[in-house]
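Chain order of the listed sequences is A and B.
Under the working numbering, the first residue of the first sequence is numbered 1, with each subsequent residue one higher.
Under the working numbering, the first residue of the second sequence is numbered 1001, with each subsequent residue one higher.
Heads up: the structure comes next, in C-alpha cells.
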Amino acid sequence: MTTTIESLGTFETSWCPGCGNHDIMKALRQAIVGLGLEAHKVAHVSGIGQAAKAPHYIRLNGFNGLHGRSLPPAQAIRLCNSELTVIAQSGDGCNYGEGGNHFLAAIRRNVDMTLLVHDNQIYGLTKGQASPTTGEGQVTKSQPGGVTSAPFNPVAVAVAMRCGFVARSFSGNVEHLQAMIEAAVRHRGFSLVDIFSPCVSFNKVNTFGWYRQRCREIDASHDPTDWNAAMRIADTFGDVLPIGVIYRNERPPLDERVSHIAKGPLGRQAVRHDVLRDIMASYM
Amino acid sequence: MQQAPRSIVIGGEAGQGLVTIGDMLVRTLIRSGYGVLVAQHYMSRVRGGHNTYNIRVGAGDVLAPTDDVHVLVALDQRTVTEQGPRLGDGLLILDERLDPGSLNALRVPFAALAGRPLYENIAALGVLAALLGLERAPVDRLVGEAFHKKGDDVITRNLEVLEAAWRWASDHRAASEPLSAPEGPTGRMMLQGNEAIALGALAAGVKFCAFYPMTPATSVAQNLILHAERMGVVVEQAEDEIAAMNMVLGASYAGARALVPTSGGGFALMTEGVSLAGVMEQPVVIVLAQRPGPATGLPTRTEQADLDLALYAGHGEFPRVIFAPATPEDCFHLTYAAFDLAERFQIPAFVLTDQYLADSYRPVAPFDLDALPPLAEPDFSTDKGPEGDRYKRYELTESGISPRRIPGFSKSLVLADCHEHTEQGYITEDAGLRIAMSDKRLRKGDGLRSMALPPRCFGDEAPDLLLACWGSSEGAVVEAAQRLRARGRKVGVLSFTQVWPLEPSQFLSRCGEASEVVCIEGNATGQFSRLLRLAGVTVGRTLLRYDGRPFTPEWIVAHLTAGDSGTSHMQTAKGASA
C-alpha cells in the first residue's frame, strides 16, 4: 500500500494554533510520502515535551519514551532491525538539555537514523522556562533577571564533532524543511536537522517574524564536505540564520560495520545452540 | 575416610598474579574431577592493596567458602600478617625472603626456581600443585594453553620453571597431606556466576545487550562480547546507564531479546527506564549484581542489600519478577527463565546476584540445551492482522497480556507509549481507561504469581530451627545446617531463588511446622524477612551480615549460637539487637 498524506492521518493535537510543530508535521508527512516510505517500515521515536507528542499525531510505528531519552531507543531499534527507517523527533530541551550526553554519543556512534529537533529556544510543555538554546539575557518566567548561561549551539557542536549530516531549517518554510528531512533520511549515518520553530505562547523574542526575517538559505556554492566552511556557517547566529545542509561526510554508519546486523532483524535470526555447545566447551 | 574439603588461600597485592595462579590451579582441579568453590576478595585498585583468592576443594561437591585455611600461599608479607591467624596448624607457603613468624611454614626459593620475577607465579603454581599431590600432565597442558598466543619460547620457559618447582616440591612432600582422589565427573566447565548468566542469556537467544562498565556486573557483558559475533549478538557500551536501559527497551520493541547488566549505582540511574518498561509493557531482563552501598560503599565486596531497590525501583505500579540465583547453575537457568517471563508477561525481569556469586568459580556440567523449555515469543507474523493503527498494542484482555506485535513485520502499526494510553497506544487522560489499563497491567501479576518458583527445602522437616535464606548464601546456610544437625539439632533450610512475587501457599505450612524461623541475609535491615512477614511467615529472628564478606558456615553457626558480634547483628522479632 502506498503511503499518502491521507493515510498518515489527521489528528487533533494539543499544540497551540500557530505553533511551528504543525508545520514540522506537515513537512514530515510530505517527506515520508516523497521518500516513498511505507508506514509500517518507519519507527518514529520521541522523548517528552510538546514536540515529543508527535508519534500520537501521525500513523507510523511509534515509541514515545522518556524525557531526554529519544536517542538511545532509536539507535537500538535501528541496530536490531536495519530494515526500519528510524526518525526521532523531540525538542531542544529534550535533546540538548536532559539528553545532552545521548546527543553527543549518538553523533560519535553514527547509527543510520535521523534526528529532527523542534528548536523553539524555550520550554513549552512546562510553560516557559529557559532551554539550552535560549539566548543569554532573555527574560523568562524562571529566569526573571535574564538567562545567565550562554546558549548551546547544536549545529556548531555537531559539525565540530564531524556528525554525519548536519542541517538547519525553519518550520515557516515547509518546502525547505521537507527537502532537509528527505536529505537527512537518505543520508547513510546519523543525521541532525535542527528546526527553528516558534513557540507562540512562551517565547516572545524568537517569534515567527524574528525567524522569517533572519533565515537565509545557504549559498548554493557552499560545499558541505568542507569542514572549515561548515564551521563558519554553523557559528553564524544573529542577524542572519543560515538554513540548509551545513555539513556532511561519508563515515560508514555503525549498523553497516557490524556484520550480523545486515543479515536481517536480530529478533528473527536463529539461536545457534550448536555454536553454544562449542562455546560451553571453551569454559572447560 | 573421605577428607573434609580443604581450604587454600592465595594472598598478595593486586598485580602480583595471584588470580593467574588461582585460576590455573582451579581449572586443573576441575578438569581432574574435584569439587571446587572459589571466593575472590579484592580491593578497588589495579595495583597494590591486599587481595585473596580463596579455593575450597574436596573430593565431592563443595557448598560454601569457609573461614579456616589449610594452605596459605603468601605472595607478600601483608598476607602473612592478615591471613596467618586463619591458618591454625595449616601450612604457610611463602617466599624464603618473607618472614613466616611462628607459623608452620615452607619457605620456597622462588627467585631461584623462577629465574625471573615474571615466572614466580608459575613457580608458585608448581609448588602448590605438587604438594597437593596433583598429576603433572594436566598442569603442563594448561600452561601450554594459557601461553599459546605468546609462542613456543614462552611456553618452554614456563614449563622449565614448572619442572624446577615440581622437583623442589617433591623433596618437600612431607610438608602437606595430598588431596584424596577426586570423585566428581570430568568434562565440567569452570564457571562463575556472571559467565553462567551470559550462557543462559545466549541459550535464550539474547540478541542485544547495552551496558556501562560497573563492578561486579561487567563480566556479564564481557562474556557476551566474547561470543557476540558467533552468536549474532549486538553488544553496545552505552554512554551511561540511562542510555543502556533505554537502549534495551528500544531493542525489545524491535523484537530482539535484550539484557542490561549493572550494579546498584548504575541501576539507580536506570530506574526511570524500569518504570517505562512497566507502562510500555516492554520485556527486558535486568541483571543486578549487588555490591555494598550506599553510593560507592565497598565497591568490590558483596552484599544483598538491593532487594528493596529492585523491588520498588520505578515510579508507579506495575508487576515484575525477581530471581535470586544461589549457584552458577541457577544463574544459567534463571536467566533463561527471566527471558521467558519477561516476554510472556511483557515486564521487567530481574536476575539479582552479588559480587560473591558473580566471581565465584564452580565446576558445572555443560547445560543440556535440548532439555530447555520453549520460550514465549512475540508475534513476528507477517500475516494481515489489524492494519495500521487498528492494531491494539494494549488490548484489554482477561490475563492482562496483550498480543505483542513487532514493528516492520506486518502492516500493523505498533505504538509503544509512556503515558497512560488507549488500547492502540494513543495518549489519553480518560479516567475510565486509566483504571482499565492499570488493572490490566496488575492482572499480569496474578499469572506471574501462579508461575512462582517454590523455595528449595533441605534438612529436617518440622525442625526446631528453620533457616530461611535467598540467593547466594544458600550453600553456606545448608552447610551450617549440616553442622548443627551433626550436633544433634533438628534443622531445616528454606532457600528462595525467586524472591518476588512470592506464593505463600508454597512455604507457609513448612514454616508453621518449625519451632522457629530465622531469616539469614546479607544486609543490615532484613529486607527479605519483611517480605516473608508480609507473606504471613512468623520470622523469629534475623541473622544479618553486612561487612561486605560472603557468608560462611562457621560465621552462621557461631552467630546462631552466640548472637551479636562485630559487623553483624541478630534481631529479635521486635527488631531489637540481641
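Ideal Cβ placement from N, Cα and C applies to all residues, glycine included.
From a predicted model like this one, the values you see are computed outputs, not experimental measurements.
Could you give the residue range of the alpha helix (DSSP H) that holds B:Asp1439? Looking at the DSSP string, the run of the alpha helix (DSSP H) that includes B:Asp1439 is Ala1431 to Ser1450.
Leaving aside the five residues before and after B:Met985 along the sequence, list all residues of the same chain whose C-beta is less than 6 Å from its C-beta, in chain order. Residue 985 of chain B lies beyond the residue range present for chain B, which begins at 1001 and ends at 1578; the question has no answer from this structure.
With 16 other CB atoms within 10 Å as the buried threshold, where does B:Met1001 fall? Note that B:Met1001 scores 48 on pLDDT, short of 50, meaning its location in the model is unreliable and no value can be drawn from it.
Suppose you measure from the CA of B:Ala1581 to the CA of B:Arg1047; what does that come to, to the nearest Å? Residue numbering for chain B in the displayed model covers 1001 to 1578; residue 1581 of chain B lies beyond these limits and cannot be assessed.
Reference B:Val1233; option with closest CA among A:Arg277, A:Lys263, A:Gly47 and A:Ser142: Ranked by Cα distance from B:Val1233, the options A:Arg277, A:Lys263, A:Gly47 and A:Ser142 are led by A:Lys263.
Look at the Cβ atom of A:Asp119, then the Cβ atom of A:Asp255, and state whether they are nearer than 7 Å. no
State whether the segment 234-248 of chain A contacts the segment 1354-1361 of chain B, with contact taken as three or more CB pairs (one from each stretch) at a distance under 8 Å. No: fewer than three Cβ pairs fall under 8 Å.
Would you mind working out which of B:Ala1130, B:Asn1051 and B:Val1285 sits nearest B:Leu1202, comparing C-alpha positions? Residue nearest to B:Leu1202 within the set B:Ala1130, B:Asn1051 and B:Val1285 is B:Val1285 (criterion: CA-CA distance).
For A:Met280 and chain B, any beta-carbon pair shorter than 7 Å? yes
Name the two residues that bound the continuous alpha helix (DSSP H) containing B:Leu1131. Glu1120 to Leu1131
DSSP on A:Cys215, reduced to helix/strand/coil? strand
From B:Ala1129 to B:Pro1109, what distance separates their C-alpha atoms? 16 Å
With a Cβ-Cβ cutoff of 7 Å, do A:Ile107 and A:Met161 count as a contact? Yes.
Proximity below 7 Å, CB of A:Phe208 to CB of A:Gly172: yes
Using a cut-off of 7 Å between C-beta atoms, extract the partners of A:Tyr283 located in chain B. Met1189, Met1190, Leu1191 and Glu1195
Could you pull out every unbroken alpha helix (DSSP H) segment of at least 4 residues lying fully inside the segment 1136-1174 of chain B, listed in chain order? 1136-1146 and 1152-1170
Which class does A:Asp239 belong to by DSSP, given the choice of helix, strand or coil? coil
Should A:Cys163 be flagged as near chain B, meaning a C-beta pair shorter than 7 Å? no
Quick one: give me the first and last residue of the beta strand (DSSP E) that B:Leu1091 is part of. Leu1091 to Asp1095
Return no unless some Cβ of chain B is closer than 7 Å to the Cβ of A:Cys80. yes
Here's a check: name, in chain order, each residue in its chain whose Cβ is nearer than 6 Å to the Cβ of A:Asp194, leaving out the five neighbours to either side. If the five residues before and after A:Asp194 are omitted, its C-beta is found closer than 6 Å to the C-beta atoms of Val117, Asp119, Pro154, Val155 and Arg168, all from its own chain and listed in chain order.
For B:Ala1137, which residues in chain A fall below 9 Å Cβ to Cβ? The premise fails here: B:Ala1137 is roughly 16 Å from chain A at the closest Cβ pair, so nothing lies under 9 Å.
Examine chain B for any beta-carbon lying closer than 7 Å to the beta-carbon of A:Gly49, and answer yes or no. With 7 Å as the cut-off, A:Gly49 does not count as an interface residue toward chain B.
What did DSSP end up calling A:Met113 once you bin it into helix, strand or coil? strand
Within 8 Å of chain A by C-beta, residues of the segment 1443-1476 of chain B in sequence order: Going along the segment 1443-1476 of chain B in chain order, one finds no residue with a Cβ nearer than 8 Å to chain A.
Just curious, the beta strand (DSSP E) that B:Cys1519 is in, first and last residue? Element bounds for B:Cys1519: Glu1516 to Glu1521.
Less than 7 Å between CB atoms is the rule here; does B:Pro1407 satisfy it with respect to chain A? yes
Mind listing which residues of the segment 17-44 of chain A have their C-beta closer than 7 Å to chain B's C-betas, in chain order? Ala39, His40, Lys41 and Ala43
Nearer than 6 Å: is that true of the beta carbon of B:Ala1476 relative to any heavy atom of the ligand MN? Among the ligands in the structure shown, none appear at all, so the ligand MN cannot be discussed.
What whole-angstrom Cβ distance do B:Met1231 and A:Arg272 have, given they're in contact under 8 Å? 6 Å
Within 7 Å of any Cβ in chain A, is that where the Cβ of B:Gly1314 sits? no
B:His1070 to B:Ile1093, Cα distance in whole Å? 11 Å
Is it buried or exposed, B:Ser1577, if we count other Cβ atoms within 10 angstroms and call 16 or more buried? Because the pLDDT of B:Ser1577 is 35, which lies under 50, any placement of that residue in the model is unreliable, and the question is left without a value.
Output, in chain order, the set of chain A residues within a Cβ distance shorter than 9 Å of B:Pro1366. From the beta-carbon of B:Pro1366, the residues of chain A found nearer than 9 Å are Arg277, Met280, Ala281, Tyr283 and Met284.
Counting only Cβ pairs nearer than 8 Å, list the residues of chain B close to A:Lys53. Ile1427
Should the segment 1149-1168 of chain B be called in touch with the segment 1185-1197 of chain B, which here means at least 3 C-beta pairs below 8 Å? no
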